[in-house]
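A.B. asks:
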Amino acid sequence: MVLVDARARVLLLHGGDPSTPERGLWWFTPGGGIEEGEEPAQAAARELLEETGLRVDAAALGAPVHARTTDFVFGGDHYLQSEHYFLLRVDAHELDTSGPDGHVDVGVVGHRWWTADALRATDEVLFPPELPDLLDRVLGGAQVRP
Amino acid sequence: MRASSRLLVLDPDGRLLLLDCVDPGAPGVRWWELPGGGVEPGEDPVLAGVREVREETGVVVPPEVVGPLQWTQDVAYTWVGRRWSSTQQGRLARLTAPPEVVATDLGRDEGATFLATRWWAPEELRTAGVRFFPRSLPALLPRLLAGERVDEPYDDWDVVAPT
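Protein chains in written order, with the working numbering: chain A, -3 to 142; chain B, 126 to 288.
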C-alpha cells in the first residue's frame, strides 16, 4: 500500500528479517500476503488495518498503481512473489496498532513518513527499490481523495 | 526439566505484550503467547526473560522493572513436530515509558512461529476467543496483577480440554 499524506509523504515501516539480523533493517510499504479467497485490494486493505490502524474499503482503492514480481529470502524460505501496489491518500494518519485488528509484525521496529526527495537522498534500503520514481509518478497523476 | 522464563510485559497503559504464533509443523495451529523462553545454564532467570523478550519481540525491558516470581507451571507441548517440556516461570514487568523496540533475533523455526506482536488490554483476553499460552492466561492475569503467587498444576498443551 502506497499510503500518502497531505504533505506528499509516504508511510514506510522499518524492519528486517529476524532470522538474519546481519542483513540489517530496511524500509518497506505496509502490506503482505494475499490469503485464500482474497482479492489483492482486500488483502492490501486488511494488512493496512493490521499494520497501521487505518480502515479503508477495498473497493475504494481502485486499480493497482504498480505491479512487480520479486524474488527474496525471508525466514530461511525462498519466495517468488507477485506484488500489487495500491495508492491511498489521506490528510494525515497516526499509526495505531493497539486495536483488536492491530499488530506489529515480528521484526518491525518503527515507521516514518518519507518525502520523495528524502527517499532519493537516503542510503537506507527501500522496498520496492523503485519507490522514489513510483511516488513521483502516482503523485503527478493521481486524484486527491475528497 | 528445562526452565523457561516468561515476562508479562505491561506498557504504561497497562496493556500486555503477546506474540501471535503459528506452529510451522502444523500450520493450522495458532495461539497468542507470553514472550520469553529457555534459561541458559547459569543464567539469571530475570535476565533470560529480558533477553528472550528482546529476541522474540524487539521490546527492550529494563531488568529493574521485572518483578518477583509469581507464576510457575510444568508444561508439555508439540512444536515443529517434536515434543517439548519445561518448567514455566512468569514475572510481571511494568514499563514506565513507551517501549523501545529494536531488531529481533530469531532462529529459523522461531522466525516461522512468531508472526506479530500486539499489546492487549487485560479485559480483551476473556472475550478474544483465541488460544493463549499458557491456556489459563485470561484467568491468570488478574490474579498476577493483584500480586498473587500462582503455582499451577501440570498442563499438556496438546490435550484439548473437554468443552
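C-beta: ideal position from N, C-alpha, C; glycine also.
(1) What are the boundary residues of the alpha helix (DSSP H) that A39/A is part of?
(2) Does the beta-carbon distance from D145/B to A201/B come in below 8 angstroms?
(3) For R243/B, count the other beta carbons within 10 Å of its own beta carbon; 16 or more makes it buried, fewer makes it exposed. Which is it?
(4) Measure how close the beta-carbons of L133/B and L269/B come, nearest whole angstrom, since I'm counting them as under 8 angstroms.
(5) Would you mind sorting P166/B into buried or exposed? The rule is 16 or more other CB atoms within 10 Å of its CB.
(6) By the three-class DSSP mapping on this structure, what secondary structure does R140/B have?
(7) How many whole angstroms separate the CB atoms of Q195/B and R274/B, which I take to be in contact at a CB cut-off of 8 angstroms?
(8) Ends of the beta strand (DSSP E) at L159/B?
(9) Any beta carbon of chain A sitting closer than 8 angstroms to that of D145/B?
(10) Beta-carbon within less than 6 angstroms of D199/B's beta-carbon, same chain only, minus the 5 sequence neighbours each way: which residues are those?
(11) May I have a chain-ordered list of the beta strand (DSSP E) segments no shorter than 3 residues that lie completely inside the region 218 to 247 of chain B?
(12) Quick one: which residues of the region 199 to 233 of chain B get their C-beta closer than 8 angstroms to a C-beta of chain A? List them in chain order.
(13) Count the other CB atoms within 10 Å of the CB of V121/A; is the residue buried (16 or more) or exposed (fewer)?
(14) Output needed for A228/B: all residues of its chain with C-beta closer than 7 angstroms, excluding positions within five of it in sequence on either side, in chain order.
(15) If you count every other CB in all the chains shown that lies within 10 Å of the CB of T288/B, and 16 or more means buried, which is it?
(16) Using a Cβ cut-off of 7 angstroms, which residues of the region 13 to 34 of chain A contact any Cβ in chain B, in chain order?
(17) With DSSP as the reference, label D145/B as helix, strand or coil.
(18) What residues are listed by DSSP as bridge partners for Y81/A?
(19) At the 8 angstroms Cβ level, is G136/A part of the contact set with chain B, yes or no?
(20) Quick one: residues in its chain with C-beta nearer than 8 angstroms to the C-beta of P142/A, no 5 flanking neighbours on either side, listed in chain order?
(21) Listing by chain order, which chain A residues have their CB less than 7 angstroms from the CB of F257/B?
(22) Work out the CA separation of L220/B and Q139/A for me, nearest whole Å.
(23) Between R5/A and W110/A, which are expected to be in contact by the criterion C-beta below 8 angstroms, what is the C-beta distance as a whole number of angstroms?
(24) Considering only residues of the same chain and omitting the five flanking positions on each side of L50/A, which have a CB-CB separation below 6 angstroms?
C.D. replies: On the basis of the data shown:
(1) As a first step, residue 39/A is located in the first sequence; it is residue number 43 there, counting from the start. Note, A39/A: alpha helix (DSSP H), P36 to T48.
(2) For the purposes of this step, residue 145/B is taken as residue 20 along the second sequence, with counting starting at 1. For the purposes of this step, residue 201/B is taken as residue 76 along the second sequence, with counting starting at 1. Cβ distance not < 8 angstroms, so D145/B and A201/B don't count as in contact.
(3) Your numbering for residue 243/B matches position 118 in the second sequence. Buried is the label assigned to R243/B, since at least 16 other Cβ atoms lie within 10 Å of its Cβ.
(4) By 1-based counting over the second sequence, the position of residue 133/B is 8. By 1-based counting over the second sequence, the position of residue 269/B is 144. Indeed they touch by this definition, with Cβ atoms about 6 angstroms apart.
(5) Within the second sequence, residue 166/B is the residue found at index 41, counting from 1. P166/B should be labelled exposed.
(6) Counting from 1 along the second sequence, the entry for residue 140/B is found at position 15. It is coil, neither helix nor strand.
(7) Taking the second sequence and counting its residues from 1, the one referred to as residue 195/B is at position 70. Taking the second sequence and counting its residues from 1, the one referred to as residue 274/B is at position 149. So it is a contact: roughly 5 angstroms between Cβ atoms.
(8) The residue labelled residue 159/B in the question sits at position 34 within the second sequence. Bounds of any beta strand (DSSP E) do not take in L159/B, whose DSSP letter is neither H nor E.
(9) By one-based count along the second sequence, residue 145/B stands at place 20. By this cut-off, D145/B is an interface position.
(10) Position 74 of the second sequence, counted from the first residue, corresponds to residue 199/B. Here the set comprises T212 and Y279.
(11) List check, beta strand (DSSP E) in window: 239 to 245.
(12) Going along the region 199 to 233 of chain B in chain order, one finds V226, V227, A228, T229, D230, L231, G232 and R233 with a Cβ nearer than 8 angstroms to chain A.
(13) Here residue 121/A refers to the residue found at position 125 when the first sequence is read from its first residue. Burial state of V121/A is exposed, judged by a 10 Å Cβ sphere holding fewer than 16 other Cβ atoms.
(14) Position 103 of the second sequence, counted from the start, is the residue given in the question as residue 228/B. Within the same chain, A228/B has close Cβ partners G183.
(15) One-based indexing of the second sequence puts residue 288/B at position 163. Model confidence at T288/B stands at a pLDDT of 47, short of 50, so the residue's coordinates are unreliable and nothing is read from them.
(16) Of all residues in the region 13 to 34 of chain A, P14, S15, P17 and L21 have a Cβ within less than 7 angstroms of some Cβ in chain B.
(17) By 1-based counting over the second sequence, the position of residue 145/B is 20. The answer is strand: DSSP assigns D145/B an E or B state.
(18) If you number the first sequence from 1, residue 81/A lands on position 85. Its beta-bridge partners are H62/A.
(19) For the purposes of this step, residue 136/A is taken as residue 140 along the first sequence, with counting starting at 1. Closer than 8 angstroms: no.
(20) To locate residue 142/A, count along the first sequence from 1; it is residue 146. Here P142/A scores only 41 on pLDDT, less than 50, and its place in the model should not be relied on; the value that follows carries that caveat. In its own chain, leaving out the 5 sequence neighbours on each side, no residue places its CB closer than 8 angstroms to the CB of P142/A.
(21) Here residue 257/B corresponds to residue number 132 of the second sequence, with the count starting at 1. Below the 7 angstroms Cβ cutoff, chain A contributes no neighbours of F257/B, its closest Cβ being approximately 15 angstroms away.
(22) Taking the first sequence and counting its residues from 1, the one referred to as residue 139/A is at position 143. Taking the second sequence and counting its residues from 1, the one referred to as residue 220/B is at position 95. Residue placement at Q139/A cannot be trusted, given a pLDDT of 44 that sits under 50; what the coordinates show is reported in the next sentence. Looking at the two C-alpha atoms, the distance is approximately 44 angstroms.
(23) Residue numbering aside, residue 5/A sits at position 9 when the first sequence is read from its first letter. Residue numbering aside, residue 110/A sits at position 114 when the first sequence is read from its first letter. About 6 angstroms separates the two Cβ atoms, so the contact holds.
(24) What you label residue 50/A is simply residue 54 of the first sequence in a count that begins at 1. The answer, listed in chain order, is L44 and H89.
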